[in-house]
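*Asks:* Residue numbers (my numbering), protein chains in the order written: chain A, 1 to 291; chain B, 1001 to 1178.
Built from N, CA and C at the ideal position, the CB exists for glycine as well.
The model shown is predicted, which means the values in this text are computed figures rather than measured ones.
Please read through the structure below; I'll follow up with questions.
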Amino acid sequence: MYPSRFAYEAPKSLADAIGLLDASGGEAKILAGGQSLVPMLKLRFAAPEQIIDINNIPGLEYHRIDPDGTLRIGALCRHEDLEFSTIIQDTFPTLAGAAALVADPIVRTRGTFVGSVCHADPQGDWAATMIALNGRIVAQGPKGRREIEMKDFVLGPFTNALAFNEIAVEAIIPPATGTARGGYLKLERRVGDFATASVAVALDMDGDKVLRAGCALAGVGGKTIDANAAISVLNGQTLTEASIAAAADAVAEAADPRTDHRGSSDYKRHIVKTFVIRILTGIARSEQKAA
Amino acid sequence: MTSLYDEVQPAPAGDVPTRRITIDVNGTPRTADVEPRLLLAHMLRSGLKLTGTHTGCDTSNCGACTVLFDGRPIKSCTMLAVQADGHHVETVEGMGSASELHPIQEGFKQEHGLQCGYCTPGMMLAAKALLERNDNPTEDDVRWALSGNLCRCTGYQNIVKAVLWAAEKMRAQNPQEA
C-alpha cells in the first residue's frame, strides 16, 4: 500500500515547522512517531498535501520533572522512553502502568506520547491517563504558546483542539497533592490489538485518605470517557471494600460500551468495574503494607 | 548512486518531486532519489533488492518488516524512506551469511525456530535488539520483546527457545561481559 502523493518537509526548528504549517493553510500534517499517521496515509484515511516531519528538530525528546513536581513530556518523547523511564515509576504510577501497554514494543520505539494524545483515538491509552491526571497540552503557533486543558483538547474521535497552524510541543502533567498512587489496566486479546477496555486511575493521597481521585476509560465509548466525576465519590474517603465498590460501580456506570466482536456491552462494563476494583485494592494493600 | 526507478519502475513522469537520500544500510551508504511517499520497506525490498525484509500485514501489526533503525527495532512498513535519510538501517542481510550465521540465526536453526520462515527476519531483528540491551534474558523477557511480531505458523515456543539459545551462545562468546 502506498500513501497518496504529498510534499515532504523536514524542518530543523520549531519556528520553521510552524511557518510551514501556517503557509499550508490547513493542508499539512505533522509527522512525529508516525505510528498512527503512516498507517492512515497508507489506508488513505488521510491524504494531506504536505507532511511536515518534526523528527529533525532538536530538543523535543525529553521528559523531565520540574522542581515543583510537574512532569513535562516533549513532542518527540517516545513511548519506550517512558516505559524505561527511571523518574516516573513512583511519581506518576498511572503513566508508568500505561507505558508498557501502549501498542507493542516495536511500535513503542517510534510512537510518541504527545502524538498519541493528538491522534485522539478513543482507544488511546495516553489520552485516558492525561484525563485522569488533569494534564494539559502546550500548543505553539505563530502567535506563541497556549495551554489547553486535556478535557478541552479532544473534541471527538480523531479530532483535537489544535488550530491548523499549531503544533503540540509538550504535555504537562501536574504533580499530585500528597502522595501519587494509581494504575492502568487494559484488556486486549493480544498485544497491539484494540483494547476491549482500559482503565486509568490516579489518586492523590494523604496517608490513607484520598484527597483527589481521577479516572478515565478507553475503548468503552465513542471517545475517551472522562470518569473523573464518577470516581470523585472517593474524595475525602479512605479505601475500604465499601468505598472501592461504590467507586467501581460509579465508574462502570460512566462507561458507554458497544456490543461488538470483542464482547457485549455488559461484559465490557464488567471489565471496567473489575479493573477499578483491582487498581484500588492494589493501592489499599500497598498503603497497609507501608503503614 | 542507485536510482530506484531504474530498477523498480520508470521514473515518475512529469514534475513529481523526489528527494535525494542516503541511508547507511548494513554498513554501506545507499543513495537514491525517492518520492517522499516511498516506504522504507519498499525501498529495501524493491529498490535495494534486500528481500529478506518481508512485508506481511502492511498495517504495522505483524512485525515481519522489522529492521533496526539506529539500533532500535522499527516496523519498516510504517516509516517513510525519506525519514531514514542520514540514519543507520540494519536488515537480516546484515546479520550474517549462509557460511557464517549470526548466533541468533544459528539458534533458529538449532531450535527449529522457523516453519514457513515469513516472520523469521523480523523475529531475529527484534531478538537482536533485545540481546543488545539484555544479554541474559528470561523467557518472559523474550516473549515481551517479540510481542510485536506475529508468527502465523504459531511456532512461538521454538522461536523463544531459539532466542534463549542464542543468548547463551553469545554470553559464552563474550565471557568477560557475563
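#1: Would you check if there are 3 or more beta carbon pairs closer than 8 Å linking the segment 1050-1060 of chain B to the segment 1076-1087 of chain B?
#2: Counting only Cβ pairs nearer than 7 Å, list the residues of chain B close to P39 of chain A.
#3: Does the structure place the segment 29-42 of chain A close enough to the segment 103-117 of chain A that three or more beta carbon pairs sit under 8 Å?
#4: Suppose contacts are defined by Cβ-Cβ distances below 8 Å. Is T1181 of chain B in contact with R1020 of chain B by that definition?
#5: Using 10 angstroms around the beta-carbon of Y184 of chain A, count the other beta-carbons present and answer buried if the total reaches 16, otherwise exposed.
#6: So is K1128 of chain B in contact with chain A if we call contact Cβ pairs under 8 Å?
#7: CB-CB under 7 Å to A230 of chain A, same chain, minus the five flanking residues each way: which ones, in chain order?
#8: Take R146 of chain A as the anchor and find which of A:W126, A:T159, A:I167, A:F158 has the nearest alpha-carbon.
#9: Using a Cβ cut-off of 7 Å, which residues of the segment 1129-1151 of chain B contact any Cβ in chain E, in chain order?
#10: Where L155 of chain A and S1099 of chain B are concerned, what is the direct C-alpha to C-alpha distance, given to the nearest angstrom?
#11: If you reduce the DSSP assignment to three classes, tell me which class A195 of chain A lands in.
#12: If you count every other CB in all the chains shown that lies within 10 Å of the CB of T240 of chain A, and 16 or more means buried, which is it?
#13: Can you pull the DSSP bridge partners for D16 of chain A?
#14: So the candidates are A:Q89, A:R181, A:L76; which of them puts its Cα closest to the Cα of R285 of chain A?
#15: Under three-state DSSP, which class holds R278 of chain A?
#16: Residues of chain B with a CB under 9 Å from the CB of G124 of chain A: which are they?
#17: Counting only Cβ pairs nearer than 7 Å, list the residues of chain A close to P1121 of chain B.
#18: Could you give the first and the last residue of the continuous beta strand (DSSP E) run that contains F1069 of chain B?
#19: Is it the case that the Cβ atoms of L1150 of chain B and N1061 of chain B are separated by a distance below 8 Å?
#20: Near M1043 of chain B, what residues of its chain come up, given a Cβ to Cβ distance below 6 Å and the 5 sequence neighbours on each side ignored?
#21: Should V102 of chain A and H119 of chain A be called a contact, given that it needs their Cβ atoms to be closer than 8 Å?
#22: Determine the DSSP secondary structure at Y267 of chain A, reduced to helix, strand or coil.
#23: Buried or exposed, going by whether 16 or more other CB atoms sit within 10 Å of the CB of G15 of chain A?
#24: Let me know the beta strand (DSSP E) ranges lying completely inside the segment 173-251 of chain A, each 3 residues or longer, listed in chain order.
#25: I want to see whether chain A comes within less than 8 Å of A1172 of chain B, judged by CB atoms only; does it?
#26: Report the neighbours of G1063 of chain B on chain A: residues whose CB is nearer than 7 Å to its CB, in chain order.
#27: Once the 5 residues before and after C1116 of chain B are set aside, which same chain residues still bring their CB inside 7 Å of it?
#28: How is the alpha helix (DSSP H) around E1100 of chain B delimited, first residue to last?
#29: Nearest to P58 of chain A by alpha carbon, out of A:I65, A:L76, A:L95, A:R72?
#30: Cβ of R44 of chain A within 8 Å of Cβ of E83 of chain A?
#31: Is the CB-CB distance between N165 of chain A and G144 of chain A below 8 Å?
#32: Let me make sure I understand the geometry here. Which of A:V199, A:A10, A:D81 has the alpha-carbon closest to that of I279 of chain A?
#33: May I ask which residues mark the beginning and end of the alpha helix (DSSP H) holding T129 of chain A?
#34: Looking at the secondary structure, which residues open and close the alpha helix (DSSP H) in which G1193 of chain B lies?
#35: I think G221 of chain A touches P257 of chain A, with their Cβ atoms under 8 Å apart; what is that distance to the nearest whole Å?
#36: Does the segment 204-213 of chain A come into contact with the segment 1162-1173 of chain B, if we say contact requires no fewer than three beta-carbon pairs (one atom in each stretch) closer than 8 Å?
*Replies:* In brief:
#1: yes
#2: T1059, S1060, T1078
#3: yes
#4: The question about residue 1181 of chain B has no answer, for chain B in this structure spans 1001 to 1178.
#5: buried
#6: no
#7: C215, A250, V251, E253, A254
#8: A:I167
#9: Here the protein chains are A and B, and chain E is not one of them.
#10: 58 Å
#11: strand
#12: exposed
#13: According to DSSP, D16 of chain A bridges with nothing at all.
#14: A:R181
#15: helix
#16: The contacting residues do not exist; G124 of chain A stays about 15 Å from chain B at best.
#17: None at all; the shortest Cβ gap to chain A is about 13 Å.
#18: 1066-1069
#19: yes
#20: A1081
#21: no
#22: helix
#23: Before going on, a small fix: residue 15 of chain A reads as Ala here, not Gly. Under this definition A15 of chain A is an exposed residue.
#24: 179-188, 195-206, 209-218
#25: no
#26: I106
#27: C1153
#28: Neither: E1100 of chain B is in no alpha helix (DSSP H) and is coded neither H nor E.
#29: A:L76
#30: no
#31: no
#32: A:V199
#33: 125-132
#34: Nothing about residue 1193 of chain B can be reported from this structure: the residues present for chain B run from 1001 to 1178 only.
#35: 7 Å
#36: no
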